[in-house]
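Here the numbering used here runs 254 ahead of the position in the sequence shown, where the first position is 1.
C-beta: ideal position from N, C-alpha, C; glycine also.
On a predicted model such as this, the values are computed, not experimentally measured, just so you know.
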Amino acid sequence: MTEPNIIRLHYQRRGDPRHQAVLLLHGFMGSADDWDEEITDPLVESGLQVLAVDLPGHGRTVVQGDKENYRMECVATAIVNLLQELGIESPHLLGYSMGGRLALYMAVRHSQHFRRIVLESASPGLEAKTVWYARVLADAELARRMHTQPMEPFLREWYAQPLFASMATRPERLERLIARRMENDLQGLQMSLQGMGTGAQVSLWSELPSVNLPILLIAGGNDSKFCVIGRQIETRCPFSSLEIVPGCGHNVHFERPREYAKLVREFLHD
């Protein structure tokens, strides 16, 4: 008998449920717990309610059925369904890295459900087929390493990449983040990588000019790759603007949570 396809998204909700909502989407290996009080408190105090979900393969979200449930289009549909179940209409949408790619996908394919979009260190996928194929191979190699290498050494190697090097300036927070990452299910992470990794994502570049929602792009000044991508998105999306935070790498909200919250709050209340 075929197992039914079910995605039960675990979520955390803060603030007055009568207030305008902002939905937060974490990055690969993250969870709703990544959005700590330094970020959520200023948003709630400004009159927003905050909804953070665990994406499939992460945290306490439950996925039953086949691997299609981890694909971006299925995850997007599950999020829209959750918003309807909770009675949340036209929330703002914020995503980081993998969650940012998902947020941009939803801004393109489900724009009628959202109001304003914040994309941190996010991309619309890959344009060139040669680059795409190389990324597919890289994602497959990453999945293999996750399967063969103990989780803690893998995580320490992951966060030693130049992309994340400046996170070491907050060592206590980094240790807590690594401890949270170790709570994830390894198979779930692999399924998420196969379904929502950059190599698995449909390219959205050609659809960017049609996005009519206001978009705030955030990138760390030390993350040259995503500064370039942010500028490219800004030139193609008519209602977008880019903020580069000096001295930060890929994970701006981890390194500069107060500055990050200020940028987001001002944009959402503009």
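- Residue burial annotation: Q441 is exposed, with fewer than 16 other C-beta atoms found within 10 angstroms of its C-beta.
- If you ignore the 5 residues before and after V329, its C-beta comes within less than 6 Å of the C-beta of P310, all in its own chain and listed in chain order.
- With respect to the 8 Å criterion, R434 and D287 are classified as neighbours on the basis of their beta carbons.
- Ranked by Cα distance from C502, the options P511, K516, S494 are led by P511.
- Here R434 carries a helix assignment [DSSP, helix/strand/coil].
- Per the Cβ contact rule, the segment 295-311 is not in contact with the segment 384-394 (fewer than 3 Cβ pairs under 8 Å).
- Looking at the backbone, the Cα of E381 and that of L358 are separated by about 15 Å.
- One thing to note: A306 has its Cβ no nearer than 8 Å to the Cβ of I261.
- The distance from the Cβ of G474 to that of V506 is about 5 Å, consistent with a contact at the 8 Å cut-off.
- Partner residues in the beta bridge of S495, as assigned by DSSP, are L470.
- Pairing D477 with S351 gives a Cβ-Cβ distance that is not under 8 Å.
- R399 sits in a helix when the DSSP states are folded into three classes.
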